[in-house]
Amino acid sequence: MKKTLWGFLALLVVSLAFFGLRSYQLRSEALRWQGPVPEILSEHLDKTADTLEMAFTARLDAPVAAVFGAFTEPERGGEFSDTVRYAKLLRSEGNHKVVEFEMVILGQPQRLTLEFAFLPGEHRVTVKTVENQLADLSGEYRLTPSPDGTKTLLTYTGTSKDKAKLPVPLALQKSAMREM
Numbered sequence: 682m683k684k685t686l687w688g689f690l691a692l693l694v695v696s697l698a699f700f701g702l703r704s705y706q707l708r709s710e711a712l713r714w715q716g717p718v719p720e721i722l723s724e725h726l727d728k729t730a731d732t733l734e735m736a737f738t739a740r741l742d743a744p745v746a747a748v749f750g751a752f753t754e755p756e757r758g759g760e761f762s763d764t765v766r767y768a769k770l771l772r773s774e775g776n777h778k779v780v781e782f783e784m785v786i787l788g789q790p791q792r793l794t795l796e797f798a799f800l801p802g803e804h805r806v807t808v809k810t811v812e813n814q815l816a817d818l819s820g821e822y823r824l825t826p827s828p829d830g831t832k833t834l835l836t837y838t839g840t841s842k843d844k845a846k847l848p849v850p851l852a853l854q855k856s857a858m859r860e861m
């Protein structure tokens, strides 16, 4: 009888610990999708030789379909970002677009041409440099819906490979990537 009681108590303690941990995890997940957030939730910037590896996440208070719709019109970038002076659609074929941008990054005008590939079934957009004097950019935006479908977690991962050997401090390069 004593062994059964101790076994039952041990099972009860383990069960309570499990449910307590699971409850904490669910609360933490719910908080991730609620309340005001900064522009960038998390970032990772790491430079090795001439290549800067980047990862950014942001939460947008709009459903994935609306966010993806905005991404499919990069030529309207000037309407959505103060950084973009102008954006011009050069080519559009199927799920690919090539767009020329003039952006102000760290107060300096930059001209670049980017190719976008839209993968709606995967909620992804890939981007790569077609033309830029300073760097070759390559990356992808991945859109993840919130559990209730009203918000989107935007994750960008990519690289920026230096073309020009300029003595630009790493902190300045990281700031430029945050602005883009």
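All residue numbers for the sequence shown refer to this note's numbering, where the first residue is 682 and numbers rise by one. A virtual CB, placed ideally from N, CA and C, is assigned to each residue, including glycine.
Pair every Cβ in the stretch 792-800 with every Cβ in the stretch 761-779, then say whether three or more of these pairs are closer than 8 Å. The stretch 792-800, when compared against the stretch 761-779, does touch it at the 8 Å Cβ threshold.
What number of angstroms, rounded off, separates the C-alpha of Thr-753 from the C-alpha of Val-806? The residue you call residue 753 lines up with position 72 of the sequence shown. The residue you call residue 806 lines up with position 125 of the sequence shown. Distance between the alpha carbons of Thr-753 and Val-806: 8 Å.
I want to know whether the stretch 734-745 touches the stretch 781-794 - three or more CB-CB distances under 8 Å. Between the stretch 734-745 and the stretch 781-794, the count of C-beta pairs closer than 8 Å stays below three; the two stretches do not touch.
Tell me the DSSP secondary structure of Pro-790 in three-state form. Your numbering for residue 790 matches position 109 in the sequence shown. The answer is strand: DSSP assigns Pro-790 an E or B state.
Could you tell me the alpha carbon to alpha carbon distance between Asp-817 and His-804, rounded to whole angstroms? One-based indexing of the sequence shown puts residue 817 at position 136. One-based indexing of the sequence shown puts residue 804 at position 123. Computed Cα separation, rounded: 24 Å.
Span of the beta strand (DSSP E) holding Ala-768? As a working note, residue 768 is residue 87 in the sequence shown. Taken as a continuous stretch (DSSP letters only), the beta strand (DSSP E) holding Ala-768 covers 765-774.
Would a C-beta distance cut-off of 8 Å place Thr-840 and Leu-733 closer than the cut-off? Position 159 of the sequence shown, counted from the first residue, corresponds to residue 840. Position 52 of the sequence shown, counted from the first residue, corresponds to residue 733. Yes, the pair counts as a contact, with Cβ atoms nearer than the cut-off.
Looking at Pro-755 and Ala-768, is the spacing between their C-beta atoms short of 8 Å? Here residue 768 refers to the residue found at position 87 of the sequence shown. Here residue 755 refers to the residue found at position 74 of the sequence shown. In this structure, Ala-768 lies near Pro-755, with their beta-carbon atoms less than 8 Å apart.
Measure the beta-carbon distance from Asp-731 to Asp-843 and round it to whole angstroms, keeping in mind my assumption that it falls under 8 Å. The count along the sequence shown starts at 1 and reaches residue 731 at position 50. The count along the sequence shown starts at 1 and reaches residue 843 at position 162. The C-beta distance from Asp-731 to Asp-843 rounds to 4 Å, short enough to meet the 8 Å contact threshold.
Identify which residue in Met-784, Glu-720, Arg-740, Thr-825 has its Cα closest to the Cα of Glu-760. For the purposes of this step, residue 760 is identified with residue 79 of the sequence shown, where counting begins at 1. Selected option, being the one with the closest Cα: Met-784.
For a test of the three-state rule: what should DSSP assign to Pro-826, helix, strand or coil? Here the question's residue 826 lines up with position 145 in the sequence shown. Collapsing the DSSP output to three states places Pro-826 in a strand.
Report all residues from its chain with a CB closer than 7 Å to the CB of Val-765; omit the five preceding and five following residues, and keep chain order. Here residue 765 refers to the residue found at position 84 when the sequence shown is read from its first residue. So the list reads Gly-758, Gly-759, Phe-782, Met-784, once near-sequence residues are dropped.
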